[in-house]
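A.B. asks:
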Amino acid sequence: METLLTALPPAAIVAGVALFISVRLARSQRRERRLERAHMILSSLSTKAAVDDRHLLGTYHWRNRSFKKGKVRDDVMRAYFSMLWLFSDIQKERTSLLATNKNKRDEAVEHLDRGIMTVVLEYVCTFNVIKKKLLESDPDEKLFEGCYGDHFSDLCAALAEEVKDDTTKRMLLKVHVNDTEQCLCSCHSVSPKKTSRLTTAA
């Protein structure tokens, strides 16, 4: 190696070092851009609108509260579809992030997956419970999720590919799909709460 460097003219050595530094810098910048993009996708779950929607749905999910036809139901339905659309966007952004890295999970995709895993696992049950409550509160109005429900299922399947824990994998792939798997969400141990007069009036 020393003989080769000695044989090379100084200009070639300088050019080689400059090229090496340039390649390392480009890789570092690409890594930072991808991590920043992953963080931006993840941060969509913590915007004020998303937090408000998650709080509203969580109130009726985790407290096992019912509601009747009216303003409250309309608000819950809006939040339901807002979160469904949000997860659809996250799935599309995640797919794009993978595609720009030859469909290989890198540090950015792993960062995104770790960040959304807990919320996705929660919404496997949340969407199921809230959908039932929406249908119970007005049996005449059907819910049409279009492709957005499929996008959430695709996101669950994508996350499950890298999961080694069998329980987590079952939660992502089988729970609430055909009711053959027991849901581990603690909401199922909560006694149903009656709708308050104020809520009913709304």
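Using our numbering, read the sequence shown as starting at 42 and increasing by one per residue.
C-beta: ideal position from N, C-alpha, C; glycine also.
A quick note: this is a predicted structure, and the numbers were derived from the prediction, not measured.
#1: From K173 to K145, what distance separates their C-alpha atoms?
#2: Which same chain residues, not among the five before or five after L162, have their C-beta less than 6 Å away from its C-beta?
#3: Who are R75's beta bridge partners in DSSP?
#4: Have a look at D116, D179, V218 and V113 and flag the residue whose alpha-carbon is nearest the alpha-carbon of N169.
#5: Return the CA-CA distance between D94 and A199, expressed in angstroms with no decimal places.
#6: On the premise that K210 lies in contact with V216, defined as a C-beta separation below 8 Å, what is that separation, rounded to the nearest angstrom?
#7: Quick check on the burial criterion: 16 or more other C-beta atoms within 10 angstroms. Buried or exposed for T167?
#8: Can you give me the C-alpha to C-alpha distance between S84 and E148, rounded to a whole angstrom?
#9: With 16 as the cutoff for other CB atoms within 10 Å, does H229 come out buried or exposed?
#10: Using a Cβ-Cβ cut-off of 8 Å (strictly less than) and excluding sequence neighbours within five positions of L139, which residues of its own chain qualify?
#11: CB F128 to CB L196, shorter than 8 Å?
#12: Have a look at I131 and I82 and give me their C-alpha separation to the nearest angstrom.
#13: Quick one: using the 10 Å Cβ neighbour count with 16 as the cut-off for buried, is R75 buried or exposed?
C.D. replies: Judging by the given coordinates:
#1: Translated into the one-based positions of the sequence shown, residue 173 becomes position 132. Translated into the one-based positions of the sequence shown, residue 145 becomes position 104. Between K173 and K145, the C-alpha separation is close to 37 Å.
#2: If you number the sequence shown from 1, residue 162 lands on position 121. If the five residues before and after L162 are omitted, its C-beta is found closer than 6 Å to the C-beta atoms of M212, all from its own chain and listed in chain order.
#3: As a working note, residue 75 is residue 34 in the sequence shown. Partner(s): none; R75 has no beta bridge.
#4: The residue you call residue 169 lines up with position 128 of the sequence shown. Nearest C-alpha to N169: V218.
#5: On the sequence shown, position 53 is the one that residue 94 refers to. On the sequence shown, position 158 is the one that residue 199 refers to. So the alpha carbons of these two residues sit roughly 24 Å apart.
#6: Within the sequence shown, residue 216 is the residue found at index 175, counting from 1. Within the sequence shown, residue 210 is the residue found at index 169, counting from 1. Contact flag wrong, Cβ pair sits at about 10 Å.
#7: On the sequence shown, residue 167 is found 126 positions in, with the first residue counted as 1. Taking every protein chain shown into account, the CB of T167 has 16 or more other CB atoms within 10 angstroms, so this residue is buried.
#8: The residue given as residue 84 occupies position 43 in the sequence shown. The residue given as residue 148 occupies position 107 in the sequence shown. Each residue's Cα considered, the two are about 17 Å apart.
#9: In the sequence shown, residue 229 corresponds to position 188, counting from 1. Exposed, by the Cβ-count rule.
#10: Within the sequence shown, residue 139 is the residue found at index 98, counting from 1. Contacts found: K145, R146 and V150.
#11: The residue given as residue 128 occupies position 87 in the sequence shown. The residue given as residue 196 occupies position 155 in the sequence shown. Closer than 8 Å, so yes.
#12: Here the question's residue 131 lines up with position 90 in the sequence shown. Here the question's residue 82 lines up with position 41 in the sequence shown. C-alpha of I131 to C-alpha of I82: approximately 6 Å in a straight line.
#13: Reading the sequence shown from its first residue, position 34 is the one you call residue 75. R75 comes out buried.
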